[in-house]
Amino acid sequence: MLLNLKSAALISLLAAPLACAQTAAVPPPDNFGTALAPGLDAKAIIALIAPGRDASLATLVGARAWPYRPNTYVAIACFARNKKEFDAERSEGNLPGCRQYRDRLGENEEIGKAVYLGVVAFAAGGAQPALVASYGKALDIETGWNASALARPIVLDDAVRAGRSTILPEEYIRFDFAPYKISATQTAIGVRVGWNERYTGVGMGSFDALSLFRIDGGKLVNILSEPIAFETDSNDGYDADGNRKGIVREGGNVLTILPGNTGGYHDLQLKTLKGRWKKTFVWDSAASRYMPAPLAKQR
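Numbering (mature numbering (1 follows the signal peptide of the UniProt record, and there is no 0)), first residue to last: -21 to -1, 1 to 278.
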């Protein structure tokens, strides 16, 4: 959602709940466009954005029209590592997805997926789709919480103990096509990623991040990946009647496109929905991405 303000354009980035009740009459949302447009073929998309990958191991292939460029689709393809993992996921009746699973094979092993992202040109009734840009390899973008005031998943604590400050997504959730106009000529492409966890006893948490990409020639380049929302439900014991006392916490950020710019790119600001915390990000030409602004430029 884009709101016109005097000082900035405010883009609402509240995440849809990661888990919601589904009924037979209400199918889950097609967040990645797996119901491909007529004339778009899954194998053709794989050949463009994930050349060399085995199409028979694809757990999800999707493409959605990008509203900021005519006849252009953002495409994604996710692959199991081998047939054993592919069959294990299908045997449990899972919907097509890009989620990483743990301990699924009874071998105390994580089942990982290779996820590819690209942009293709395609016009209904026209020629075969053509590649506009791609990430060029399986996505390897990690997210950290050093510049965030939102709660973080436990898996990040495990990474910190191992000497790392960032983590890979556990799930690719949906495309985010809000108008992220980062410069006069460029609109960034958003992808929501996330993490889910269960707590000892009863309880669970979900955490979302937003990853932004820009088209740079024939490449998709990641320019930002920051936490955007969380919700946790943890156990606080039981009352005298044996009823569970749960503690629910939640929080979210909004992303503001500021009027000022650095190196030709608009400054960005993350701000909590309920609170005073905010953080400005500016373009770093050397890193070709957004970085937290120095204290003197925080707004």
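Don't be surprised by glycine CBs; every beta carbon is placed ideally from N, CA and C.
Can you tell me whether DSSP reads residue i as helix, strand or coil?
i, result
"Glu149", "coil"
"Asp155", "strand"
"Lys253", "coil"
"Ser70", "helix"
"Ala141", "coil"
"Lys258", "strand"
"Lys92", "strand"
"Glu210", "strand"
Let's test the definition: count the other Cβ atoms within 10 Å of the Cβ of residue i and tell me whether it reaches 16, buried, or not, exposed.
i, result
"Ala103", "exposed"
"Lys116", "exposed"
"Pro108", "buried"
"Thr38", "buried"
"Arg193", "buried"
"Thr164", "exposed"
"Asn266", "Note on identity: in this sequence residue 266 is Ala, with Asn being the wrong assignment. Exposed: under 16 other Cβ atoms inside 10 Å."
"Ile226", "exposed"
Can you tell me which of the options puts its alpha carbon nearest to the alpha carbon of residue i?
i, options, result
"Lys63", "Leu203, Leu36, Gly142", "Leu36"
"Phe186", "Thr38, Thr179, Gly18, Asp212", "Asp212"
"Pro17", "Tyr95, Gly105, Ala56, Ile28", "Gly105"
"Gly97", "Gly91, His245, Ala23", "Ala23"
"Asp263", "Thr241, Val99, Lys276, Phe154", "Thr241"
"Asp195", "Arg268, Glu205, Ala93", "Arg268"
"Val134", "Ile207, Gly184, Glu205", "Gly184"
"Phe209", "Ser127, Tyr159, Pro8", "Ser127"
"Leu203", "Ile226, Gly230, Arg171", "Arg171"
"Arg278", "Arg228, Met270, Leu237, Tyr244", "Leu237"
"Gly230", "Asp66, Arg177, Lys250", "Lys250"
"Asp119", "Tyr52, Phe65, Val227, Cys57", "Cys57"
Roughly how many whole angstroms lie between the Cα atoms of residue i and residue j?
i, j, result
"Glu150", "Leu274", "33 Å"
"Gly173", "Arg69", "22 Å"
"Asn201", "Val181", "36 Å"
"Thr145", "Ala130", "14 Å"
"Gly85", "Thr179", "Interpretation of Gly85 is limited by its pLDDT of 44, a score under 50 that renders its predicted location unreliable; the figure taken from the coordinates is listed afterwards. Computed Cα separation, rounded: 20 Å."
"Ala26", "Glu121", "25 Å"
"Thr235", "Leu247", "6 Å"
"residue 344", "Leu19", "Past the boundaries of the shown model lies residue 344; the chain is included only from -21 to 278, so the question cannot be answered."
"Arg32", "Pro46", "28 Å"
"Phe156", "Ile168", "6 Å"
"Ser190", "Arg255", "23 Å"
"Asn(-18)", "Arg153", "For Asn(-18), the pLDDT reaches just 31, beneath the cut-off of 50, and the residue's location in the model is therefore unreliable, leaving the point undetermined."
"Gly142", "Lys276", "30 Å"
"Gly91", "Glu205", "22 Å"
"Gly12", "Ala42", "5 Å"
"Ala44", "Leu147", "26 Å"
"Pro8", "Val40", "15 Å"
"Leu(-9)", "Ile207", "Confidence at Leu(-9) is low in this model, with a pLDDT of 37, below 50, so the placement of that residue is unreliable and no value is reported for it."
"Gly76", "Tyr114", "19 Å"
"Pro158", "Val233", "13 Å"
"Asn61", "Arg78", "15 Å"
"Thr166", "Tyr244", "11 Å"
For this session: Could you tell me which uninterrupted beta strand (DSSP E) segments, each at least 3 residues in length, are contained entirely in the stretch 6 to 55, listed from first to last along the chain?
Result: 37 to 44
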